[in-house]
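Numbering (this note's numbering), first residue to last: 39 to 335.
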């Protein structure tokens, strides 16, 4: 009996040391990623300064998902608590909260590059979805943020849990999306707005964070196992095969599939439901021309 107890104690000790070593490596790896400086030297924003730009900025804030993390008035909000992975809080982005820290071009860098004023990565900021947002649309979005009523609301702080660091070590959680973005200086344009596949491809970039770079679906990195994978958006039999444009628009407007089943609550369809008919038509025409892929969803 004494020999077995010694062996068990030895194994327990090895296990504790291994867990400690893994935690230390994960901490070092994640802190190195968060401390890396990514210089951004994109051309300065040019503002139209007209009513159309202001209206466009408010629309983009609503339909790009900004409202989901930062709130309708950008005062910041608690998003979710999934400790020991992470506790996510959207920052207050009103002018009084960011005064002295972010000018217009630094806001653009935060949106498209996922970095703060010091060039270091913003935690969990999904800039991979916005890295190709056009200069004009970025200017409109920044103008909207700068025009909001000031607020001293303090929504709290994002907390990185130990599991987030371990998952980041193994490439299963995008703690610092800025790591994967091309930060080379460049101008960005967009196809003409309209119900076209080309414009739909531009808009569909916001879908890639969940549905994958090829829109064929995936298990969203870092999500708990009880959440379903993001759906396949190609016309594969595992995706949107058999759907019509009307079906697609209905699922975004009402959250219901063609067979009447409701979308899982993780899908923020109400946000994208604020898109115009033209935008939803463009998205459908993009998805329907994609080559069918089985996907990983």
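Just so it is clear, CB atoms sit at the ideal spot from N, CA and C, and this is done for glycine as well.
Residue i vs residue j beta-carbon contact at 9 Å
i: residue 259; j: residue 211; result: yes
i: residue 136; j: residue 143; result: no
i: residue 284; j: residue 198; result: no
i: residue 223; j: residue 75; result: no
i: residue 101; j: residue 317; result: yes
i: residue 311; j: residue 291; result: yes
i: residue 214; j: residue 68; result: yes
i: residue 256; j: residue 169; result: no
i: residue 112; j: residue 183; result: yes
i: residue 253; j: residue 208; result: no
i: residue 250; j: residue 320; result: no
i: residue 188; j: residue 133; result: yes
i: residue 120; j: residue 262; result: yes
i: residue 219; j: residue 151; result: yes
i: residue 172; j: residue 90; result: no
Assigned secondary structure, residue i (DSSP; H/G/I helix, E/B strand, else coil)
i: residue 266; result: coil
i: residue 75; result: coil
i: residue 159; result: strand
i: residue 117; result: strand
i: residue 316; result: helix
i: residue 300; result: strand
i: residue 144; result: helix
Residue i versus residue j: straight-line alpha-carbon distance, rounded
i: residue 241; j: residue 115; result: 25 Å
i: residue 159; j: residue 206; result: 14 Å
i: residue 235; j: residue 63; result: 45 Å
i: residue 273; j: residue 200; result: 39 Å
i: residue 186; j: residue 246; result: 28 Å
i: residue 110; j: residue 307; result: 16 Å
i: residue 147; j: residue 332; result: 35 Å
i: residue 286; j: residue 275; result: 15 Å
i: residue 225; j: residue 300; result: 40 Å
i: residue 271; j: residue 238; result: 13 Å
i: residue 139; j: residue 118; result: 26 Å
i: residue 202; j: residue 145; result: 26 Å
i: residue 278; j: residue 81; result: 39 Å
i: residue 309; j: residue 204; result: 31 Å
i: residue 266; j: residue 294; result: 16 Å
i: residue 336; j: residue 298; result: Because the chain spans 39 through 335 in this model, residue 336 falls outside it and cannot be assessed.
i: residue 127; j: residue 195; result: 6 Å
i: residue 314; j: residue 322; result: 13 Å
i: residue 73; j: residue 296; result: 47 Å
i: residue 57; j: residue 66; result: 14 Å
Beta-bridge pairing of residue i - partner residues as DSSP gives them
i: residue 126; result: 118
i: residue 197; result: 125
i: residue 256; result: 268
i: residue 153; result: 159
i: residue 169; result: Partner(s): none; residue 169 has no beta bridge.
Any 3 or more C-beta pairs closer than 8 Å across the region 167-179 and the region 92-103: yes
The region 80-91 in contact with the region 156-171 per 3-pair CB rule at 8 Å: no
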